[in-house]
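Numbering (the working numbering), first residue to last: 350 to 1283. All C-beta atoms in this analysis are idealised placements derived from N, C-alpha and C, irrespective of residue type, glycine included. Accompanying notes for the structure given below.
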């Protein structure tokens, strides 16, 4: 480098760039290649740089290929070994170690040729096995052998110096990576092959598989042979050690049973694998096998001997051996046809068999269908039954012995002790005519298997005496609390002392001939029978008597009273009928008339004439009855006397007016519209009154309570229906009864509420719901049109018995309900039926002739009613019997005759008022003869 300077003081420029000047020596330089095998097989070569006349100069060396690529610089060593080489020219130069700018020229390049060699192995396999032979060959086609040097390398180590190398018998030690090198020194030519990996395994065993191990009749099976992980094999096939086929196919199809194995072979000389594991293929013949057992018993017991046989269908003259399975367990007792064993707890299961030909151990039948055996571990016990335990006179008793849920038994019969000899051996039944203790047991099979002994049955002998059960009193229907004696009576007792046995609904410990029931209850209901037993010969008894059934009701006996007729014609007779529910015998009947009692809300009962001691018949006639009245009854029997409850009241109604008690209605007509107001008033010779009513389908109630200022009941009807109304006085009288009907129709008939006296006149009319009286109305009598003109009313000027019946009217398509108009005998006064719909009856008769009214009675229904008796506890000689609201049902329907009947309960037509305080009184077992009534 350099710089400039000028002036004083001196001024310098920057330094110039450097310029390198090198000195080249005149020494001649050359490169030589040293191809040493120990280096070549490791991929190395050695190069040497020769300097002529170099003297003692210390040199460092630069190396590069002809392409100018620097391999390394300034090595201090010469020669220099390279760790890798490739084709190309190699040159060098030397530089003075003391003066790095002084060096020789580059030498001429020394050429090196590197190419690929070909290493082959014969035979070529993916895997080799110990004992096989192989030959390695390296590039045999290039030049003369003497011009090339060859080396065979295994895992980096030289194993051969020639191109053909053979291993006659491979071992596992020959495993490794093989490579070959070739060197031509004259031309500096190196050849290197690819590496071959040699895999050597132990001698293989062929593998034999079968798609099935059983050849079906007429079928075949495919066998497959293979050597895992290798190829190039041929296969030898053997059946029972005999070679049957050799081929290159790895599969064959066979049709015969046998023991098969295979092996593989390859190479020359042939290299064989080990033999495969053998496969046994069985051949199924077309014959069918079936399991049979000696006895077809559904249940087998532990300890019994079982014999099973294997039957081969169409077996012909073939000799067979037999195999058995129980469940999944193979059992081959001894190859014989029958299999005999003793049943145990583990013997239950499914049994199969098959046959095997003795001359061909690989030919079998198919397995038979399963035969299921069920073995019961517990020892069975025989059951002994007898149709009777008493032998009838001159007869016999049949005994039957059985073993539950199994068959095939014979039965062994014993009398006396179990250890006694067998009485008889036969089927399950036997007849015996001798008394004693009998046993049985079952047995079957050979040797005989016995069940446990049955329980014993004692058979007794009947004597000829006859017994019969009688009742005292003789009533089969009883009620709770009654007393009865059940007696066992015997004919011809003689001098024998007897004891008695009873069959009763409950437990009876008595040995007497009577069972006394002092207070019956429902637990005593049932059948009663008896028999006699000789006291000195306990096995001798009579036959059982015929049974008598006793029925005891826990409910108190009830009486049901009916009265006929319910509505009276003047002077008509009334029939009362009283029945006990449920029906039973031995009763006497007591008859009572109900009497209103102003001190109670119910009634007093007064005995009717002739019933002080009761009547044997359940009927009672009342002659010449004219007014409304109520009646009850009750019944009694036994000693001490048992009384039923009082019946519910049955009422007999009359429309006749009694001067001592009468009922008036305003408006005085039968039919009314809903929401109409109706007033009922009581009049007569009494200071106390009340109005009673009984609505259709309802219960008796008070429309007004007892009052001393006269009684009046105002009702406003809210719904359709019918009701009977009457008055009761505190002095014990009933008024006339009236029927009032309420309708929601658009039209009603205005007709008299009381019977019309024959010979008087009456007016009938129709009223619309909107209030006015209809005109041009059609009138009907008993469904016959009797007037169809423009008149407003139907005027009957002189009523006769023929006018009695049902009436209704029709107006502009609307029809009224019908009402009954009753007609009584002649009267000296005539009624008028005013325009305000009130009919007034004035009786002016000097001689009243009572004619019996013909009532059309469509339904007679008798229902029960409650009543109570109020007893004055302060007096032992007087009691007042009150009935809790006896009920009277009355209905007048559109197309029906009035039907009145006795029922029970309470009810009202809406709009009325009542206030009845009712009390229940216990009057059970009150003696009617010891009571007086006020």
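| Item | Value |
| --- | --- |
| Among the residues of its own chain, which have a CB less than 6 Å from the CB of residue 1132, if the five just before and after it don't count? | none |
| Could you tell me the alpha carbon to alpha carbon distance between residue 612 and residue 485, rounded to whole angstroms? | 28 Å |
| What residue ranges within the segment 413-493 form continuous alpha helix (DSSP H) runs of no fewer than 4 residues, ordered along the chain? | none |
| By how many angstroms is the C-alpha of residue 606 removed from the C-alpha of residue 487? | 53 Å |
| Quick one: Cα of residue 874 to Cα of residue 898, how far? | 7 Å |
| Can you tell me which of the three DSSP states residue 523 falls into? | helix |
| When DSSP labels each residue in this structure, what does residue 503 get in the three-state scheme? | strand |
| Let me know the secondary structure DSSP gives residue 389 once reduced to three states. | helix |
| Based on Cα-Cα distance, which residue from 692, 860, 642 lies nearest to residue 725? | 692 |
| Under a Cβ-count criterion, where at least 16 other Cβ atoms within 10 Å of its own Cβ denotes burial, should residue 761 be classed as buried or exposed? | buried |
| Using the beta-carbon count (16 or more within 10 Å), is residue 910 buried or exposed? | buried |
| Taking only runs that begin and end inside the segment 648-677, name each unbroken beta strand (DSSP E) of 3 or more residues, in chain order. | 654-661, 669-675 |
| For residue 496, does the three-state DSSP call read helix, strand or coil? | helix |
| With a Cβ-Cβ cutoff of 8 Å, do residue 1111 and residue 1159 count as a contact? | no |
| Express the C-alpha separation of residue 1104 and residue 988 in angstroms, rounding to a whole number. | 50 Å |
| Leaving out the 5 sequence neighbours to the left and right, which residues in its chain are closer than 6 Å to residue 1200 when beta-carbon positions are compared? | The pLDDT assigned to residue 1200 is 28, lower than 50, so where the model puts this residue is not dependable, and the model offers no usable value. |
| Using beta-carbon positions only, say whether residue 731 and residue 807 come within less than 8 Å of one another. | no |
| Rounded to whole angstroms, what is the Cα-Cα separation between residue 866 and residue 822? | 12 Å |
| Pairs of beta-carbons, one from the segment 468-476 and one from the segment 433-447, closer than 8 Å: are there three or more? | no |
| When the distance is taken between beta carbons, is residue 952 closer than 8 Å to residue 945? | yes |
| Just to confirm my understanding: we take residue 947, look at its own chain, exclude 5 residues before and 5 after, and list those with CB closer than 7 Å. What are they? | 1037, 1055, 1079 |
| DSSP three-state call for residue 559: helix, strand or coil? | strand |
| Could you tell me the boundaries of the beta strand (DSSP E) in which residue 1048 lies? | Unbroken run through residue 1048: none, as it is neither H nor E. |
| Does DSSP put residue 552 in a helix, a strand or coil? | coil |
| Can you tell me where the beta strand (DSSP E) with residue 1033 in it begins and where it stops? | 1026-1033 |
| Please state the DSSP three-state secondary structure of residue 1187. | Only weak support is given to the placement of residue 1187: the predicted model assigns it a pLDDT of 29, under 50, and the question is left unresolved by the model. |
| Quick one: any contact between the segment 972-982 and the segment 907-927, if contact means 3 or more CB pairs under 8 Å? | yes |
| Per DSSP, residue 785 forms a beta bridge with which residues? | 808 |
| Over the uninterrupted beta strand (DSSP E) stretch that includes residue 688, give me the two end residues. | 687-691 |
| By the three-class DSSP mapping on this structure, what secondary structure does residue 534 have? | helix |
| Could you tell me the alpha carbon to alpha carbon distance between residue 585 and residue 596, rounded to whole angstroms? | 7 Å |
| Does the Cβ of residue 1088 have 16 or more other Cβ atoms within 10 Å, making it buried, or fewer, making it exposed? | buried |
| Would you say residue 780 and residue 745 are within 8 Å of each other, going by their C-beta atoms? | yes |
| Identify which residue in 1076, 1013, 1024 has its Cα closest to the Cα of residue 1043. | 1076 |
| What is the DSSP secondary structure of residue 694, reduced to helix, strand or coil? | helix |
| Please tell me whether residue 714 and residue 630 are closer than 8 Å, where the distance is taken between their beta carbons. | no |
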